[in-house]
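Asker:
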Amino acid sequence: MSQIGSFALLLALALCAYSFLAGILALVNKGPGSERIGETARRAGIASFAIVFLAAVVLVVAAFQNDFSIAYIFHHSNRDLPAPYKFATLWSGQEGSLLFWALLLSAYGLVLRLRYKTDVRLFAYASVIIAAVQVFFLLLLNFAANPFGVMQGTLPPDGTGLNPLLQYPEMVIHPPMLYLGYVGFTVPFAFALAALIMRYPGEKWIQITRRWTMVTWGFLTCGVFLGAHWAYSVLGWGGYWGWDPVENASLMPWLTGTAFLHSVMMQEKRGMLKTWNMWLIFSTFMLSIFGTFLTRSGVVSSVHAFAQSSIGDWFVAFLAIIFATCLFFYVKNRSHLRTEHKLESLVSRESSFLFNNLLLLVACFTVLWGTLFPVLSEWVQGTKVTVGPPFFNRVNIPVALLLLLLTAVGPLLAWRRTSIDSLKRNFLWPAIGALALGILLVALGMKPWKDVSYFYSLMTIMLSALVAFTVISEFVRGGRVIGRHTSQNLFASMVQLAHRNTRRYGGYIVHFGVIVIMIGFAGSVFNQDKEQEMGFGDKMTIGAYTLVCQSYTQDDNPNYGSEWAVMNVFKGGKQIATLNPERRFYKASQQTSTMVANRSTPQEDLYVVYEGQNPETGRPIIKVHLNPLVMWVWVGVWIMIVGTVVALIPNAVQARVAAPARMRVEPVGAGD
Amino acid sequence: MRTKRSLSSRQNSLSSRANRGIWALGAAGEDRDSSSLTLLGMTDVFVKRSAQLVVLTLAVFTLLGAGDQSARFNDLGHKMMCVCGCNQILLECNHVGCAYSERMRAELATAVDRGDNDDLTLQGFVQKYGTTVMAAPTKTGFNRVAWITPYLALVLGLGTVVLIIGVWKGRGGNGEGSGGVGGGNSGGPGSGPEFERFRNQARKDTEV
């Protein structure tokens, strides 16, 4: 079994190397036969998908067959591991996750190479660049992190099992989503570099890659928040984001990718910011690779250190090669990136995108800076320091608030120039509404002067309301115009409006999701927690809830032994739920893990953790967190996903008005 | 909570000590006032009263702080990390039987009870557990760079964007590609009153 896998990886490397070299030859050599060579390069790239897929299947089959002769299976699986986690073995450890990365990359490459007729030459360049990235990962898999390495000596009867923290349903979906996001940015990167190398005329490459970028961004968004939900449900510390280096690594490409999605509209519509966009997508791809480097190298300490090794040097070298390549072609062809139009007014959609990009990049820089500062400090001072949540929250919250303000104002600005009167007209009522909400919250007892965190919380809610009002007013205003022409009701008109310009209105829905998430974040200021030793019949009161310990129960299955509490929850003297916080002991890995019991409502989460027994008294310890508005975070993510899907739907109508031939008039509803 | 429970009992004793302090200060002040009124003029009385008021105010604020020991414990506990390697904030480390967090929480409670100020308490932890015990860099020496750099980046970025916009506007708003609607107003095909009329017409017709 291991020999089949190893051979498949070697063959895939040969195919990708051929695809890369023959592809370059075909593009450089204009002579007869170059087209045929190019076609063989394309087919070699397609074949590489089948071979990498075979290698991945071999690894999964080995996990299901408990083939512990393969070291990777021995270290990441065991006989009694449930089937979904055996499947997830593919991405549970370093070697497997690199194979999974290679598989996704070859899948993206397959789609690209099959759709080559869209623009043969551009796709040929992009295919070569993707083949180069494939070669890097396959070199790693063959020579530095082979998932098919065999065990030495006597064959063990059972594996050491999967890390308990990873034995949670989201383990099956979180890493694939995150990897689809990371790997997916290779495609827009490849197209951008291809367009730069061949001095591609116009902005068609952006239109070709627009959907790739949005889908990739959507996957990364899902991956990041699934990770947050996983941490919330498994780690048992009551939070969902701890600014851990590996969390930061996933956030950085998301921030630059978000900036790219906004600023690329300026290039499409006005031929501006070409250099900026080129480097944004280069940076996003490099940050994806950098994230993998952070996860794998052990250069910074992380709670996610599931799979560290010495392959960091490989990533550093690869990053250096990518940067040098991008810089070389940028210097060589920078004249091609000259902007076509200049900014006309500070009060315009263009300038709002500029400020939006600035803030997103400052946030990204802050995260990168904070993540790497311990390394820098050790280098300069000889002592390591910790850069944890207090730093990131303090620096990033003001930036996030400014971004929220821009999210509210941006959609009200027209391209080129916006009159102050028009801005006032559109902004007045949303601003009054947000202000009224702020006053209401203060009247209800929120005291922003008490602590800076309360001030931030109030500002977040007010600015979120401002965004919500502007988004709603955009829908209503557009819906009314359509309703007047079609005699439809307002809701049907708004649906039609969104269908006419899905990208714009899908974007608004995404913005709406973002503010719902921000309101969820704002709730964390009011978190409470309480810890208590609780025997039978003991009570604990937190907020409006009273928890009464009913009993403790034990269970055992082949994979783990468990112990859980039966806690009756009362509110206003009435029993409203029974919660079962659990603690598990995994037999194969000899490790314990918590399973949080959570009663989630839109108002608050009652989050109960069974922490174990006090070693001195032997009494069980229960910790309860009361976390307001957490559900809003997850609901907001769903809204963002809906918005992304809407933005991917093709526009329904491209209504145009008659205009002089020399004037290009935007379609109805245009102007994202 | 084990540690918190002991802390709260200690807080009660602190509060009662504080209460006794207020009464003692007030009584002594009254004695001295009654004798001094006959010896000193009104100005002296005013000065003394003012001084007493300041002392009383300070005492009240100090004792208000003493009554908020739990908040201080919580605040300081969130400024430090557990050093067991879990990478969690000290008060959020939920590992039962953790070799470090239990001990560190107890030490923190003791320091808070003792009345050590925040700096002294944190400094004590740094000396004992090393600089990595702090959850964020301090604002001294090279560590200041950690705090300044992001804000500097923001200010420089804002300045650059404003400068770029200013320069672009100063150039008359046009680059080389001045055709069509995006062409601007520098005398190309898309300029002048006719252009504005078409633009307004287009806006009106496509207003959605």
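Top line first, the protein sequences correspond to chains E and A. Numbers in the numbering used here are just positions in the first sequence, counted from 1, shifted up by 12. Numbers in the numbering used here are just positions in the second sequence, counted from 1, shifted up by 2. Every residue, glycine too, gets a C-beta built ideally from N, C-alpha and C.
Determine the closest residue to residue 615 of chain E out of E/626, E/556 and E/586, with distance taken between C-alpha atoms.
Answerer: As a working note, residue 615 of chain E is residue 603 in the first sequence. Nearest of E/626, E/556 and E/586 to residue 615 of chain E, Cα basis: E/556.
Asker: What does residue 79 of chain A touch in chain E if you count any residue whose Cβ is under 8 Å from its own?
Answerer: Within the second sequence, numbered from 1, the residue matching residue 79 of chain A stands at position 77. Under the 8 Å cutoff, chain E gives no residues; its nearest Cβ is about 12 Å from residue 79 of chain A.
Asker: Does DSSP put residue 279 of chain E in a helix, a strand or coil?
Answerer: The residue you call residue 279 of chain E lines up with position 267 of the first sequence. DSSP places residue 279 of chain E in helix when its eight states are reduced to three.
Asker: Under the rule that 16 or more other beta-carbon atoms within 10 Å means buried, what is residue 332 of chain E, buried or exposed?
Answerer: The count along the first sequence starts at 1 and reaches residue 332 of chain E at position 320. That one is exposed.
Asker: In chain order, what residues of the same chain have a beta carbon less than 6 Å from the beta carbon of residue 571 of chain E, not counting five sequence neighbours either side?
Answerer: Indexing the first sequence from 1 puts residue 571 of chain E at position 559. 92, listed in sequence order.
Asker: For residue 164 of chain E, count neighbouring Cβ atoms within 10 angstroms of its own Cβ and tell me buried if that reaches 16, exposed if not.
Answerer: The sequence position of residue 164 of chain E within the first sequence is 152, counting from 1. Per the 10 Å Cβ criterion, exposed.
Asker: Would a C-beta distance cut-off of 8 Å place residue 157 of chain E and residue 110 of chain E closer than the cut-off?
Answerer: Position 145 of the first sequence, counted from the start, is the residue given in the question as residue 157 of chain E. Position 98 of the first sequence, counted from the start, is the residue given in the question as residue 110 of chain E. Taking 8 Å as the Cβ cut-off, residue 157 of chain E and residue 110 of chain E qualify as a contacting pair.
Asker: Quick one: is residue 382 of chain E buried, meaning 16 or more other Cβ sit within 10 Å of its Cβ, or exposed?
Answerer: On the first sequence, position 370 is the one that residue 382 of chain E refers to. The residue in question, residue 382 of chain E, is buried, as its Cβ has 16 or more Cβ neighbours within 10 Å.
Asker: Taking the beta carbon of residue 497 of chain E as the centre, do at least 16 other beta carbons fall within 10 Å, making it buried, or is it exposed?
Answerer: Here the question's residue 497 of chain E lines up with position 485 in the first sequence. Under this definition residue 497 of chain E is an exposed residue.
Asker: To the nearest angstrom, how far is the alpha carbon of residue 180 of chain E from that of residue 644 of chain E?
Answerer: Working through the first sequence from its first residue, we reach residue 180 of chain E at position 168. Working through the first sequence from its first residue, we reach residue 644 of chain E at position 632. Rounded to whole angstroms, residue 180 of chain E to residue 644 of chain E spans 22 Å at the Cα level.
Asker: Could you pull out every residue in the same chain whose Cβ sits closer than 8 Å to the Cβ of residue 233 of chain E, ignoring the five residues on either side in sequence?
Answerer: As a position in the first sequence, residue 233 of chain E is number 221, starting the count at 1. Around residue 233 of chain E: 193, 266, 649, 652, 653 and 656.
Asker: For residue 68 of chain E and residue 176 of chain E, I'd like the C-alpha separation in whole angstroms.
Answerer: To locate residue 68 of chain E, count along the first sequence from 1; it is residue 56. To locate residue 176 of chain E, count along the first sequence from 1; it is residue 164. Near 23 Å, if we compare the C-alpha coordinates of residue 176 of chain E and residue 68 of chain E.
Asker: Going along chain E, which residues have a C-beta under 9 Å from residue 114 of chain A?
Answerer: As a position in the second sequence, residue 114 of chain A is number 112, starting the count at 1. Ordered by position in chain E, no residue passes the 9 Å Cβ test against residue 114 of chain A, which lies about 18 Å from the chain.
Asker: Determine the direct distance from the alpha carbon of residue 148 of chain A to that of residue 380 of chain E, and round the result to whole angstroms.
Answerer: Sequence index remark: in the first sequence, residue 380 of chain E carries index 368 (1-based). Sequence index remark: in the second sequence, residue 148 of chain A carries index 146 (1-based). Cα-Cα distance, rounded: 11 Å.
Asker: Give every residue of the same chain whose Cβ lies closer than 7 Å to the Cβ of residue 155 of chain A, excluding the five residues on either side of it in the sequence, and list them in chain order.
Answerer: Residue 155 of chain A sits at position 153 when you count from the first residue of the second sequence. Same-chain partners within the cutoff: there are none.
Asker: Suppose the cutoff is 6 Å on Cβ atoms and the five residues either side in sequence are ignored; what does the same chain contact list for residue 357 of chain E look like?
Answerer: The sequence position of residue 357 of chain E within the first sequence is 345, counting from 1. Result list for residue 357 of chain E: 429, in chain order.
Asker: For chain C, is any of its Cβ atoms less than 8 Å away from the one on residue 109 of chain A?
Answerer: Within the model displayed, chain C is absent; protein chains E and A are what it includes.
Asker: So residue 637 of chain E is in the beta strand (DSSP E); what residue range does that whole segment cover?
Answerer: Working through the first sequence from its first residue, we reach residue 637 of chain E at position 625. Residues 632-640.
Asker: Check for me: the beta strand (DSSP E) holding residue 157 of chain E runs from which residue to which?
Answerer: One-based indexing of the first sequence puts residue 157 of chain E at position 145. Taken as a continuous stretch (DSSP letters only), residue 157 of chain E belongs to no beta strand (DSSP E), as it is neither H nor E.
Asker: Is the beta carbon of residue 145 of chain E closer than 8 Å to that of residue 25 of chain E?
Answerer: One-based indexing of the first sequence puts residue 25 of chain E at position 13. One-based indexing of the first sequence puts residue 145 of chain E at position 133. Going by C-beta atoms, residue 25 of chain E is not nearer than 8 Å to residue 145 of chain E.
Asker: Could you give the DSSP three-state label for residue 92 of chain E: helix, strand or coil?
Answerer: Counted from its first residue, the first sequence places residue 92 of chain E at position 80. DSSP places residue 92 of chain E in coil when its eight states are reduced to three.
Asker: So, does the CB of residue 41 of chain A fall closer than 8 Å to a CB anywhere in chain E?
Answerer: Taking the first residue of the second sequence as position 1, residue 41 of chain A is located at position 39. Because residue 41 of chain A sits at a pLDDT of 43, beneath the cut-off of 50, its placement in the model cannot be relied upon, and the following sentence gives the value as read from the coordinates. Not one chain E Cβ lies under 8 Å of residue 41 of chain A.
Asker: Under the rule that 16 or more other beta-carbon atoms within 10 Å means buried, what is residue 347 of chain E, buried or exposed?
Answerer: Taking the first sequence and counting its residues from 1, the one referred to as residue 347 of chain E is at position 335. Residue 347 of chain E should be labelled exposed.
Asker: Only counting runs of 3 or more residues, tell me where the beta strand (DSSP E) segments fall wholly within the region 27-56 of chain E, in order along the chain.
Answerer: You should have found no qualifying run.
Asker: Going by beta carbon distance, what residues of the same chain come within less than 6 Å of residue 207 of chain E, once the five residues before and after it are set aside?
Answerer: Within the first sequence, the letter at position 195 stands for residue 207 of chain E. Cβ neighbours of residue 207 of chain E beyond the five flanking positions: 217.
Asker: Output needed in chain order: residues of the region 133-158 of chain A with a Cβ under 7 Å from some Cβ in chain E.
Answerer: If the cut-off is 7 Å between Cβ atoms, the region 133-158 of chain A has 133, 134, 136, 137, 138, 139, 144, 145, 148, 151, 152, 155 and 156 near chain E.
Asker: Do you know offhand how far residue 529 of chain E's Cα is from residue 646 of chain E's?
Answerer: Here residue 529 of chain E is taken as the residue at index 517 of the first sequence, counted from 1. Here residue 646 of chain E is taken as the residue at index 634 of the first sequence, counted from 1. Spanning the two alpha carbons is a distance of roughly 7 Å.
Asker: Name the two residues that bound the continuous beta strand (DSSP E) containing residue 403 of chain E.
Answerer: Start at 1 with the first residue of the first sequence, and residue 403 of chain E comes out as number 391. Where residue 403 of chain E is concerned, there is no enclosing beta strand (DSSP E), although the alpha helix (DSSP H) it sits in stretches over 401-421.
Asker: Does chain E have any CB closer than 8 Å to the CB of residue 177 of chain A?
Answerer: As a first step, residue 177 of chain A is located in the second sequence; it is residue number 175 there, counting from the start. Any answer about residue 177 of chain A is weak, because its pLDDT of 41 lies below 50 and its placement is not dependable; what the coordinates show is given next. Judged by the 8 Å Cβ criterion, residue 177 of chain A is in contact with chain E.
Asker: Do three or more CB pairs link the region 410-421 of chain E to the region 498-506 of chain E at distances below 8 Å?
Answerer: At 8 Å Cβ cutoff, the stretches do not touch.
Asker: How about residue 56 of chain E and residue 38 of chain E: do their beta carbons lie closer than 8 Å?
Answerer: In the first sequence, the residue the question calls residue 56 of chain E occupies position 44. In the first sequence, the residue the question calls residue 38 of chain E occupies position 26. In this structure, residue 38 of chain E does not lie closer than 8 Å to residue 56 of chain E by Cβ.
Asker: Short of 8 Å in beta carbon distance, which residues of its chain neighbour residue 83 of chain A, apart from the five on each side in sequence? Order them along the chain.
Answerer: Along the second sequence, one-based indexing puts residue 83 of chain A at 81. These residues qualify, in order along the chain: 89, 90, 91, 92, 134, 135, 136 and 137.
Asker: What does a CB cutoff of less than 7 Å around residue 597 of chain E pick up in its chain, not counting 5 residues either side in sequence?
Answerer: The count along the first sequence starts at 1 and reaches residue 597 of chain E at position 585. Result list for residue 597 of chain E: 572, 573 and 604, in chain order.
Asker: Using alpha carbons as the reference points, say which of E/526, E/588 and E/31 lies closest to residue 480 of chain E.
Answerer: Position 468 of the first sequence holds residue 480 of chain E. Residue E/526 is the option with its Cα nearest to residue 480 of chain E.
Asker: In this structure, how does DSSP classify residue 72 of chain A when only helix, strand and coil are distinguished?
Answerer: The residue labelled residue 72 of chain A in the question sits at position 70 within the second sequence. Helix at residue 72 of chain A.
Asker: List in chain order: all unbroken alpha helix (DSSP H) runs of 4+ residues lying wholly within the region 328-406 of chain E.
Answerer: You should have 361-393.
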